[in-house]
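Participant:
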Amino acid sequence: MGAMRALRQAYGPATARLARALRRAGTAGPAALPFRTVARTAIVALVLVALNSTVPAGVLPEDRADILYHRYQGGGITIDGPSVLIRKKIGESFSVSANYYVDMVSSASIDVKLSASKYKEERKQKSVSVDYLHNKSTYSVAVIDSKESDYVADTAVFSLSQDMFGDLTTVSLSYKRGWNDVFRNVKLADGSKVRDPTFADNADSRGYSVGLSQILTRNLILGLNYEVITDEGFLNSPYRSVRYVDPGSPKGFSLEKEIYPRTHTSNAASVRLKYYLPYRAALDGQGRIYTDTWGVDAWNVDFTYTQPVWKRWILDGHLRYYKQTAADFYSDLFPRAQSQNFLARDKELATYDAITFGAQATYDFQIPRVRWIQKSSVSARLEHMIIRYDDFRDATVTDPANGILAGAEPLYKLNANIFQLFLSIYF
Amino acid sequence: MRVIRILLALTTLVGATACSPIQPWVKPFEREHLADPIMAFDRNPVSSAYLDHVFEAREGARGASGSAGGGCGCN
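Respectively, the protein sequence lines represent chains A and B.
719 is the number of the first residue of the first sequence in the working numbering; add one for each residue after it.
147 is the number of the first residue of the second sequence in the working numbering; add one for each residue after it.
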């Protein structure tokens, strides 16, 4: 979106003045316009034409700092923590950003209840990125480091974006490389957790993406994205189990460790349209299709409506619908132990659909007597997610004595609340 | 023969178009609405990155959403 940033930062105020003048001209007719207005309009138009041919279209992102508190609660899991993002320009050509993000996890999810015990975990993620602007091209490099006691992930991203065709079009290419080390924790008799010395594995990933953003009309922008991600290594959870029919067990099933293929390649393509409504509001629509080598096919649509109100407020309403089919090697209940090469009972690989809806309110304000801060805002966002699984059953309620047999338990349903509160300052 | 004529006409037309530079059909002074902050694809990067992370953890699909990297915190 370099073209849009350029537009907003370089031409924004002048364009707005000119458009207002032209609108007045259109309403009142040329004869009604005073000479001074016509002359001023012509001068602004000439300046804009000159700017268009001399100023580089690419513009670096604006300087800002964000402090966010996030909280996810649902399905027996609570994850919360802070995220801090700072972005600053250095000279005319460079922009650097740094992000520090923490997930504090407290989990008694349905998987954990079935085959493990409740645990607490913390994940810390640090990332740094540098953008370099040269004429109409922006080169970006980012490194991301994520650490949990049983998972270490390092990712490097290189991307290039190019504005073209009178800055109506921005094409971007991106390459992403990830190195992940997977461990397993075991609980000692005193309750403390240590890494299992008998298990350590890794997973590498590569991602390739191409994107296009296109101004279609004076009110409509189009975005297209295509991304291929390929992974190799240990791709399942070292904790999760699958269940299989076992007539000798009191519950009618037993557990064994899941086994995934060691390669996974996915293709995703998305299209996005954003439209400016006549009364200063915006409607954003996005659709995505997805397929992978594990047999998961998915699609989703996402809509956001943005409405500024009462001068300082911006309200957003959001709706998302997601649907997927199960992986080829997924089953809620396998017919016997070791019944096939690959075994999964991860509910994220099941057949299900999900609806997420929510709202956000943003309040813009000025901090008095702090001159280096140009503007500030505080935002609160609440989303509610409902996931309905078609072939993932609640195996924690199996009770053959009372007629709830293995494979006939009620289908699982997950409800989650996602909350964010964040402060943004622009300097 | 008629098809060849039409193809020839189309080729000539496309060829002629290729010779002239593409003119922006939305002029800079017509981009007032697009410059409005509410039209930004990513108005709050810190917030959208977090929400992408949540969706990526809860959904089997991934990619083409603009997010990058990291672990999950979601086993």
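Beta carbons: idealized from backbone N, C-alpha and C, even for Gly.
Keep in mind it's a predicted model, so treat the numbers as computed, not measured.
Could you give the distance in angstroms between the alpha-carbon of A:Trp897 and the alpha-carbon of A:Asp872?
Facilitator: Each residue's Cα considered, the two are about 5 Å apart.
Participant: Could you tell me the distance, in whole angstroms, from the CA atom of A:Thr888 to the CA atom of A:Met882?
Facilitator: Cα to Cα, the separation comes out at about 6 Å.
Participant: Given a cut-off of 9 Å on the beta-carbon distance, is the pair A:Lys969 and A:Arg958 in contact?
Facilitator: Their beta carbons are not under 9 Å apart, which means A:Lys969 does not touch A:Arg958 by this criterion.
Participant: Could you spell out the range, first to last residue, of the alpha helix (DSSP H) harbouring A:Ile828?
Facilitator: Start and end: 828-833.
Participant: Kindly list the residues whose CB is nearer than 6 Å to the CB of A:Val946, restricted to its own chain and excluding five residues on each side of it in sequence; keep chain order.
Facilitator: Closer than 6 Å at the Cβ level, and outside the excluded window around A:Val946, lie Tyr926, Asn985.
Participant: Would you be able to state if there are at least three C-beta pairs under 8 Å between the region 837-847 of chain A and the region 811-827 of chain A?
Facilitator: The answer is yes - the region 837-847 of chain A touches the region 811-827 of chain A, with three or more Cβ pairs under 8 Å.
Participant: A:Tyr790 touches chain B at which residues, Cβ-Cβ below 8 Å?
Facilitator: Going along chain B in sequence order, the residues near A:Tyr790 (Cβ under 8 Å) are Val200.
Participant: Pull up the DSSP beta-bridge partners for A:Thr1043, would you.
Facilitator: DSSP lists no partner for A:Thr1043.
Participant: Could you check whether the Cβ of A:Ala999 sits closer than 9 Å to any Cβ belonging to chain B?
Facilitator: With 9 Å as the cut-off, A:Ala999 counts as an interface residue toward chain B.
Participant: Near A:Leu891, which residues of its chain fall below 6 Å by C-beta distance, leaving aside the five closest residues on each side in sequence?
Facilitator: Hits under 6 Å: Leu878, Val928.
Participant: Who are the Cβ neighbours of A:Lys831 in its own chain at under 6 Å, not counting the five residues just before and after it?
Facilitator: Cβ within range, chain order: Thr1114.
Participant: Quick one: what's got a C-beta closer than 6 Å to A:Ser824's C-beta in the same chain, skipping five residues either side?
Facilitator: Around A:Ser824: Thr796, Lys838.
Participant: Would you kindly work out how many angstroms separate the C-alpha atoms of A:Ile828 and A:Asp1046, rounded to a whole number?
Facilitator: One C-alpha to the other measures close to 22 Å.
Participant: Please list, in chain order, the residues of the region 182-195 of chain B that have any C-beta partner in chain A closer than 9 Å.
Facilitator: From the region 182-195 of chain B, only Asp182, Pro183, Ile184, Met185, Ala186, Phe187, Asp188, Arg189, Asn190, Pro191, Val192, Ser193, Ala195 have a Cβ closer than 9 Å to chain A.
Participant: Using a 10 Å radius around the Cβ and a threshold of 16 neighbouring Cβ atoms, would you call A:Thr759 buried or exposed?
Facilitator: Model confidence at A:Thr759 stands at a pLDDT of 41, short of 50, so the residue's coordinates are unreliable; what they give is reported in the following sentence. Buried is the call here.
Participant: How many Å lie between A:Ala739 and B:Glu178 at the Cα?
Facilitator: Any reading at A:Ala739 is ruled out, since the residue's pLDDT is 39, under 50, leaving its predicted position unreliable.
Participant: State the start and end residues of the unbroken alpha helix (DSSP H) segment that holds B:His199.
Facilitator: Note, B:His199: alpha helix (DSSP H), 191-204.
Participant: Cβ closer than 8 Å: which chain A residues qualify as neighbours of B:Leu155?
Facilitator: Looking at the sequence itself, residue 155 of chain B is Ala, so the reference to Leu does not match. Result: empty, since nearest Cβ-Cβ is about 25 Å, beyond 8 Å.
Participant: Counting only Cβ-Cβ distances shorter than 8 Å, please list the residues of the region 854-867 of chain A near chain B, keeping chain order.
Facilitator: Under the 8 Å Cβ criterion, the region 854-867 of chain A contributes Ala860, Ile862, Ser864, Lys865, Glu866.
Participant: Is it right to say A:Gly1013 is buried, meaning 16 or more other beta carbons lie within 10 angstroms of its own, or is it exposed?
Facilitator: By the neighbour-count rule (16 or more Cβ atoms within 10 Å), A:Gly1013 is not buried but exposed.
Participant: Just to confirm the assignment: which complete beta strand (DSSP E) runs, minimum length 3, are found wholly within the region 1094-1145 of chain A?
Facilitator: Listed in chain order, they are 1129-1144.
Participant: Once DSSP output is grouped into helix, strand and coil, what is the label at B:Ala207?
Facilitator: Residue state, collapsed to three classes: coil.
Participant: Quick one: which unbroken beta strand (DSSP E) runs of 3-plus residues sit fully inside the region 798-831 of chain A? Chain order, please.
Facilitator: Listed in chain order, they are 812-825.
Participant: So is A:Arg990 in contact with chain B if we call contact Cβ pairs under 9 Å?
Facilitator: For A:Arg990, the answer is yes, since a Cβ of chain B falls inside 9 Å of its Cβ.
Participant: Kindly say whether A:Thr755, judged by its beta-carbon, lies nearer than 9 Å to any beta-carbon of chain B.
Facilitator: Residue confidence is low: A:Thr755 scores 44 on pLDDT, short of 50, so the model does not pin down where it sits. Its coordinate-derived value is still stated next. No, its Cβ sits nowhere closer than 9 Å to a Cβ of chain B.
Participant: Three-state secondary structure (DSSP) at A:Asp784?
Facilitator: Three-state result, A:Asp784: strand.
Participant: Drop a sphere of 10 angstroms on the beta-carbon of A:Arg1089, count the other beta-carbons inside from all chains shown, and report buried for 16 or more, exposed for fewer.
Facilitator: Classification for A:Arg1089: exposed.
Participant: For a test of the three-state rule: what should DSSP assign to B:Ile184, helix, strand or coil?
Facilitator: It is helical.
Participant: CB A:Asp1050 to CB A:Ser955, shorter than 9 Å?
Facilitator: Cβ atoms of A:Asp1050 and A:Ser955: not closer than 9 Å.
Participant: Taking only beta-carbon positions, decide if A:Pro979 is within less than 9 Å of chain B.
Facilitator: Judged by the 9 Å Cβ criterion, A:Pro979 is not in contact with chain B.
Participant: Exposed or buried, what is A:Phe1140 when buried is set at 16 or more other beta-carbons lying within 10 Å of its beta-carbon?
Facilitator: The residue is buried, with at least 16 neighbouring Cβ atoms inside 10 Å.
Participant: Would you say A:Ile1104 faces chain D, with C-beta separation under 9 Å as the test?
Facilitator: The chain inventory of the structure shown lacks chain D, comprising the protein chains A and B.
Participant: When you compare each of A:Tyr994, A:Val900, A:His1102, A:Ser1142 to A:Gly793 by their alpha carbons, which one comes out closest?
Facilitator: Among A:Tyr994, A:Val900, A:His1102, A:Ser1142, the Cα nearest to that of A:Gly793 belongs to A:His1102.
Participant: So for A:Lys1065, helix, strand or coil by DSSP?
Facilitator: If DSSP states are grouped into helix, strand and coil, A:Lys1065 belongs with the helices.
Participant: Are A:Ala1134 and A:Ile1091 touching if we call contact CB-CB under 9 Å?
Facilitator: Contact: no.
Participant: Could you name the residues of chain B that A:Arg1099 contacts, counting a contact when the two beta carbons are closer than 7 Å?
Facilitator: The contacting residues are Ser193.
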